[in-house]
Structure formats: structure tokens, C-alpha cells
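Accompanying notes for the structure given below.
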Amino acid sequence: QLLVDQVPVGIVFTDAAGQVTNANPAALAILGSPGQEETRRFNVLQLPPLQQAGVSDAFRRVLDGDAIERLETTYESVWGRRAEVRLTIAPLF
Numbered sequence: 755q756l757l758v759d760q761v762p763v764g765i766v767f768t769d770a771a772g773q774v775t776n777a778n779p780a781a782l783a784i785l786g787s788p789g790q791e792e793t794r795r796f797n798v799l800q801l802p803p804l805q806q807a808g809v810s811d812a813f814r815r816v817l818d819g820d821a822i823e824r825l826e827t828t829y830e831s832v833w834g835r836r837a838e839v840r841l842t843i844a845p846l847f
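Plus 754 on top of the position in the sequence shown (first one is 1) and you've got the working numbering.
Put into C-alpha cells, the structure is as follows:
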């Protein structure tokens, strides 16, 4: 947990249904999120900005095939933070 909290790379964990369960401080900063609780309200499969950026489709492919997906895209969070992001989406068991 210490590594996840201190690494300067955004890390977001979800459950198998896409519901956000945790995000490290770097991810919260990238998203412009006010905090963990607000971020946990979202599902990566159902959030329109993620759908528009292609993130939801990549995440669904990971869930369906247990494979790693990589994606570079522009994303604007629900808090208005716009960022160029390079994502690696991987299943953890």
C-alpha cells in the first residue's frame, strides 16, 4: 500500500463490475478529484467521459479476456481536469 500511495503514477482499482474501489493520490490529482469517497462513486464502464475516450471499451476487453490493454487518449474528468493519459489496464487476481 505504501508503494501505491507514493508512486508518482496514477493507479485506480476497480472491482470486476467496473466500480472504482480505490485510487492513489497521484490518480486523484490527475482526475482533479476532491477525494477517495467521491471517486468511488464511479463505474469505469458507465461513465460517459470514459466511454467517449475509449477507456470503457478497453476495460471491457480486459474483463472479457483477462488480457492487458494499453491506450493513449485525452480524457476530461467529471471534475473538469483534462489530461493526456497513457493507460495500462490489467486484471489482478
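Every residue, glycine too, gets a C-beta built ideally from N, C-alpha and C. Just so it is clear, the structure is predicted and the values come from calculations on it, not from any experiment.
Burial state of residue i (16 or more Cβ within 10 Å)
{"i": "L785", "result": "buried"}
{"i": "I843", "result": "buried"}
{"i": "L757", "result": "exposed"}
{"i": "A781", "result": "buried"}
{"i": "V766", "result": "buried"}
{"i": "T768", "result": "buried"}
{"i": "T793", "result": "buried"}
Residue i, enclosing beta strand (DSSP E) - first and last residue
{"i": "A844", "result": "Here A844 belongs to no beta strand (DSSP E), and DSSP marks it neither H nor E."}
{"i": "L825", "result": "823–830"}
Residues near residue i in its chain [Cβ-Cβ closer than 6 Å; skip 5 each side]
{"i": "Q773", "result": "N797"}
Sequence-distant residues of its chain with Cβ nearer than 8 Å to residue i (five each side left out)
{"i": "V816", "result": "I822, E823, I843, A844, P845"}
Enclosing alpha helix (DSSP H) for residue i [first to last residue]
{"i": "F813", "result": "809–819"}
{"i": "A783", "result": "779–785"}
{"i": "L757", "result": "756–760"}
Selection from the options that minimises the alpha carbon distance to residue i
{"i": "S810", "options": "G764, V761, P762, A770", "result": "A770"}
{"i": "V839", "options": "F813, D759, A807", "result": "A807"}
{"i": "Q805", "options": "N776, L825, V761, Q755", "result": "L825"}
{"i": "R835", "options": "A783, G789, V761", "result": "A783"}
{"i": "T828", "options": "S787, G819, T775, L841", "result": "L841"}
Cβ-based neighbour list, residue i, same chain, cut-off 7 Å, excluding 5 preceding and 5 following
{"i": "D759", "result": "N778, P779"}
Contact check, residue i vs residue j, beta carbons under 8 Å
{"i": "V832", "j": "P803", "result": "yes"}
{"i": "R848", "j": "L801", "result": "What is shown of the chain runs 755 to 847, which leaves residue 848 out entirely."}
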